[in-house]
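In the numbering used here, the protein residues as written are 1242 to 1490.
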């Protein structure tokens, strides 16, 4: 008997837990749930059509990503980072992304420039799409993945990726601010232009300026919001009624 073959797990479709996790993450990143909103298990079970066990597992997972936090005597809420926490996240972004951009400008590799230009074009298209939040976040991740790997900064990318959920939560906030569909891509174009021209200091500064503006927008948004009642996400896709009954029992 082949032990490796015996241990292999066949997976063709996502589990209900994974679908629920995806739906909840999407609701948070699309700001359907606002920072500070309470996440009441009973209501989530009703709206999502899943058991309390699944809801609790999903909330724990989202808490590990930094998208949910549990408060004493209040329970789980959508994470609302403090100003100090946000500043730390943006400081790390500016440092790591600036370092990668500086190196790319020093290398001035044509293939990298073409890849960054394509990623930037996709970001602009994403802003105009029906589901702008999700598509902009995906396209932005591709842009920075290209930037870091072209610079050979794989360790720095690992650090940035470990904060990905928190950064995307903040990005989701800034994506929806007025005129961000123009100012955001314009700031990223400045990064690409500096790399194309082989100007390391300008590339670094363009990254720092871009992150500073994002930080300002996020802080202004969070300062203007207060916790509100939960908003129900759309139900997760499920299987047959019999299967749903068994899961929810």
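Yeah, the Cβ is synthetic: ideal placement off N, Cα and C, and Gly gets one too.
- Following the DSSP letters along the chain, one finds residue 1318 inside the beta strand (DSSP E) bounded by residues 1316-1319.
- Between residue 1452 and residue 1331, the C-beta gap is smaller than 8 Å, which places the two residues in contact.
- Where residue 1312 is concerned, there is no enclosing alpha helix (DSSP H), although the beta strand (DSSP E) around it starts and stops at 1309-1312.
- Going by DSSP, residue 1261 is part of the alpha helix (DSSP H) stretching over 1257-1270.
- The DSSP-derived three-state label of residue 1371 is coil.
- Leaving aside the five residues that flank residue 1380 on each side, the residues in its chain whose CB is nearer than 6 Å to its CB run, in chain order, 1363, 1364, 1367.
- At a Cβ-Cβ threshold of 8 Å, residue 1291 and residue 1261 count as neighbours.
- Looking at the DSSP output, residue 1279 shares a beta bridge with 1318.
- With contacts defined by Cβ atoms closer than 8 Å, residue 1307 and residue 1279 do not form a contacting pair.
- If only uninterrupted beta strand (DSSP E) runs of at least 3 residues are considered, none is enclosed by the segment 1431-1470.
- Between the segment 1393-1407 and the segment 1283-1300 there are fewer than three C-beta pairs closer than 8 Å, too few to call the two in contact.
- With distances taken between CA atoms, residue 1281 lies nearest to 1319 out of 1256, 1254, 1319, 1264.
- Around the C-beta of residue 1425, 16 or more other C-beta atoms lie within 10 Å, and the residue is accordingly described as buried.
- Under the three-state reduction of DSSP, residue 1330 is assigned to helix.
- Sequence-distant Cβ neighbours of residue 1464 in its own chain, meaning closer than 6 Å and more than five residues away, do not exist here.
- Residue range 1405-1416 is occupied by the alpha helix (DSSP H) that includes residue 1416.
- Contact annotation: residue 1394 and residue 1348 have beta-carbon atoms that are not nearer than 8 Å.
- For the options 1283, 1287, 1298, 1338, the alpha carbon positioned closest to that of residue 1449 is the one of 1338.
- Between residue 1411 and residue 1459 a beta carbon distance of about 5 Å is seen, short of the 8 Å cut, so the two are scored as contacting.
- Contact between residue 1435 and residue 1346 is confirmed by a C-beta separation of about 6 Å, below the 8 Å threshold.
- Straight-line measurement puts the Cα of residue 1300 at about 9 Å from the Cα of residue 1265.
- If you compare the alpha carbons of 1462, 1461, 1430 with that of residue 1447, the shortest gap goes to 1430.
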